[in-house]
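Let me begin by presenting the structure, written as structure tokens, before commenting on it.
There are 2 protein chains.
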Amino acid sequence: MPGTIAFVGLGAMGAEMADTLVSKQWRVVGYDIRREAIDRLVKNGGHAAASAAEAAKDAEALVLMVVNADQAENILFKGGALDALPAGGTVVLMATCAPGRVEDIAKRVEASGRKFVDAPVSGGVPRAKDGSLTIMASAPPTTFDATRPLLEAMGSNLHYLGPKPGQGAAMKMVNQLLGGINLAAAGEALAFAERMGIDAKAAKDVLLGAAAQSWMLQVRGPRMVAYDGVVASATEIFVVLDAAHALRMGLPLAAAAHQQFLAAASIGLGNEDDSQVIEVYRTLGGKPKT
Amino acid sequence: MPGTIAFVGLGAMGAEMADTLVSKQWRVVGYDIRREAIDRLVKNGGHAAASAAEAAKDAEALVLMVVNADQAENILFKGGALDALPAGGTVVLMATCAPGRVEDIAKRVEASGRKFVDAPVSGGVPRAKDGSLTIMASAPPTTFDATRPLLEAMGSNLHYLGPKPGQGAAMKMVNQLLGGINLAAAGEALAFAERMGIDAKAAKDVLLGAAAQSWMLQVRGPRMVAYDGVVASATEIFVVLDAAHALRMGLPLAAAAHQQFLAAASIGLGNEDDSQVIEVYRTLGGKPKT
Chain A
3 MPGTIAFVGL GAMGAEMADT LVSKQWRVVG YDIRREAIDR LVKNGGHAAA
53 SAAEAAKDAE ALVLMVVNAD QAENILFKGG ALDALPAGGT VVLMATCAPG
103 RVEDIAKRVE ASGRKFVDAP VSGGVPRAKD GSLTIMASAP PTTFDATRPL
153 LEAMGSNLHY LGPKPGQGAA MKMVNQLLGG INLAAAGEAL AFAERMGIDA
203 KAAKDVLLGA AAQSWMLQVR GPRMVAYDGV VASATEIFVV LDAAHALRMG
253 LPLAAAAHQQ FLAAASIGLG NEDDSQVIEV YRTLGGKPKT
Chain B
3 MPGTIAFVGL GAMGAEMADT LVSKQWRVVG YDIRREAIDR LVKNGGHAAA
53 SAAEAAKDAE ALVLMVVNAD QAENILFKGG ALDALPAGGT VVLMATCAPG
103 RVEDIAKRVE ASGRKFVDAP VSGGVPRAKD GSLTIMASAP PTTFDATRPL
153 LEAMGSNLHY LGPKPGQGAA MKMVNQLLGG INLAAAGEAL AFAERMGIDA
203 KAAKDVLLGA AAQSWMLQVR GPRMVAYDGV VASATEIFVV LDAAHALRMG
253 LPLAAAAHQQ FLAAASIGLG NEDDSQVIEV YRTLGGKPKT
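So the sequence lines, in the order shown, correspond to chains A and B. Position in the first sequence (first residue = 1) + 2 = our numbering. Position in the second sequence (first residue = 1) + 2 = our numbering.
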């Protein structure tokens, strides 16, 4: 039976996730630094708290959908939310954080007698809205099982990655790694097609129906063919390489892709949509000599 | 109205393509060096020829679904099939050839008063069988339009890439390029996941529902997770790099991927399925130090 959830971080994604919980009969007590975000939750059937600690005080779980690990630590440890959470309650960290940071937070949470679930998400606002997010969870099995109804309410695409906090975060990094490579590779392929006199849109359409198909080509390819100036996203391959460096594992394709994104920034495209990495290839080799 | 087609090269793909034409009321006169391949065509409603030249002599189009450019040239020029083809007939080259070779063949065909369509395919035996192949065609527009019914009979996924012979072949190379990168990248990502203690199958399942999804991950990923020894395919990224070299275009991700496939051969996996490139990553960095 749905219980009381403290939900901290009501941004674009968090607001939709909290609304989804409310619509499924959970009692959601929300907090965000923006008052209008709390008002929206209340209007949709949730409850307001004056601080993260106040939200946590009667909750069985404290969901953190904040921007990064620094914010999560501030709320839990400096802001007093962890102490406010009843003993035996569960902290569910859904923000994107480096695996090492997640491990550190988990240790401190567990040392206080609370439980911890590492559960970053993927899927964007539309899937937050309809409760079909991908959730990459890791936690001790009994903790995961107890939290499963809450997680499934937000993400019908729930995956259990292992017992150690940080494995969910690691899985999210792997997704960023492969997405980043596939994105740069799509730019390389389309620029190569252009260089051989093939229309880029025609090339994209062929590739999407063939062995070279990828989600990145499908979603970012149109903005490579004709850029509309919309900045939908920025690649996050950088953080992945740092983590691999710490593990002493070489990632040659990720490193090569990273160089192309750096080059894109070098030629003034650092604030453009990440699909514009194709301009690196066009600049370096995509234009036939005249 | 379907007419007479000479079909040369009745291998795994060619046999299905010829059968598909027969089933759509084309009169197909087939030739292959293997007598049993011709017998199969006759049994399915086609007609036998004693040579490629004999097949060509009453045909409106000569389809070449042979192994490579050398075979196509032998059949057309040494074997006399081009001279046998009625004036104004069309040579449809569907074999996988380098773009430069296609241009050379096209020139000689057109100099003889016949027409030429560059039309390599993708999709494998199942799609050859049901007529849903991807066909990447280039030819002068009037020639393409005249040949469209024949091409559509074999490939419902028909793409026109431009007026110059070789552009179809170039497009097929771009597909191989991007497929090859996506394949090596999938190995890199899954090995990185393993290195962080995540089960490879769980990682694959997450990635297939997220931003890192690709056809290569979907089709080759299962054989990366657990290799069954089946050699379904070998990467063809090598020929692509040669062509880019000739154009003086750098392809950094393709080159990095190529290195991984070379390393796979170096550690004794040259005759294994190309999914086994993941073993390069496992060997170099995928196993935690004990």
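Beta carbons are placed, not taken as given, at the ideal position from N, Cα and C, and that holds for glycine. Everything numeric in this text was worked out from a predicted model, so none of it was measured.
With 8 Å set as the bound, which would you pick, yes or no: does the beta-carbon of Q261/A sit closer than that to a beta-carbon of chain B?
yes
Proximal residues of chain B, C-beta to C-beta of D207/A below 7 Å
H161
Would you mind sorting L264/A into buried or exposed? The rule is 16 or more other CB atoms within 10 Å of its CB.
exposed
Local conformation of I269/B per DSSP, three classes
helix
With a threshold of 8 Å between beta-carbons, can F79/A be considered close to chain B, or not?
no
Span of the beta strand (DSSP E) holding Y229/A?
Here Y229/A belongs to no beta strand (DSSP E), and DSSP marks it neither H nor E.
Is it the case that the Cβ atoms of P167/B and A141/B are separated by a distance below 8 Å?
yes
Within 9 Å of chain A by C-beta, residues of the region 17-43 of chain B in sequence order:
none
Would you be able to state if there are at least three C-beta pairs under 8 Å between the region 107-119 of chain B and the region 68-83 of chain B?
yes
Starting from L264/B, follow its DSSP beta bridges and name the residues at the other end.
None, per the DSSP bridge assignment.
Nearest chain A C-beta to V215/B closer than 8 Å, yes or no?
Looking at the sequence shown, residue 215/B is not Val but Gln. For Q215/B, the answer is yes, since a Cβ of chain A falls inside 8 Å of its Cβ.
For D244/A, does the count of other Cβ atoms within 10 angstroms reach 16, so buried, or fall short, so exposed?
exposed
Under 7 Å Cβ to Cβ from V176/A, same chain only, skipping five residues before and after it: list those, please.
none
Any contact between the region 151-166 of chain A and the region 49-60 of chain A? By contact I mean 3 or more CB pairs, one from each, below 8 Å.
no
Apart from the five residues just before and just after M19/A, which ones in its own chain have a Cβ nearer than 7 Å to its Cβ?
M67, A130, M156
Here's the rule: buried if 16 or more other CB atoms are within 10 angstroms of the residue's CB, otherwise exposed. What is E38/A?
exposed
Contact check, M226/B vs L192/B under 8 Å by CB: the rounded distance?
5 Å
Proximity winner among P143/A, V69/A, D60/A, V104/A, relative to D85/A (alpha-carbon distances):
D60/A
For T144/A, count the other beta carbons within 10 Å of its own beta carbon; 16 or more makes it buried, fewer makes it exposed. Which is it?
exposed
Proximity winner among M198/B, A246/B, L152/B, relative to Q27/B (alpha-carbon distances)
L152/B
Buried or exposed: A139/A, going by 16 or more other Cβ atoms within 10 Å of its Cβ?
buried
Quick one, which of L219/A, K203/A, T136/A has its alpha-carbon nearest N184/B's?
L219/A
Are there 16 or more other CB atoms within 10 angstroms of the CB of N159/B, so buried, or fewer, so exposed?
buried
Tell me whether the beta-carbon of G5/A lies closer than 8 Å to the beta-carbon of E56/A.
no
With distance defined between alpha-carbon atoms, name the residue in A228/A, A187/A, A195/A nearest to W217/A.
A187/A
Assuming N15/A contacts V104/A (C-beta within less than 8 Å), just tell me the rounded distance between them.
Contrary to the premise, residue 15/A reads as Met rather than Asn in this sequence. Rounded, the Cβ-Cβ distance is 18 Å, inconsistent with contact.
Since R116/B contacts V93/B with CB under 8 Å, what's their CB separation in whole angstroms?
6 Å
Would you say T285/B reaches chain A, if we count a Cβ-Cβ gap shorter than 8 Å as a contact?
no
Cβ of Q169/A less than 8 Å from any chain B Cβ?
yes
Residues in its own chain within less than 7 Å of A100/A by CB, not counting five upstream and five downstream?
A71, A171, V241, A245
Once the 5 residues before and after Q262/B are set aside, which same chain residues still bring their CB inside 8 Å of it?
A186, G189, E190, V279, V282, Y283
When you check each C-beta in the region 125-154 of chain B against every C-beta of chain A, which residues fall closer than 8 Å?
G125, T136, M138
Among R250/A, G182/A, L209/A, L253/A, which one has its Cα closest to the Cα of A236/A?
G182/A
For the beta strand (DSSP E) that contains T92/A, what are its first and last residues?
92-95
Could you tell me whether the Cβ atoms of V232/A and D276/A are closer together than 8 Å?
no
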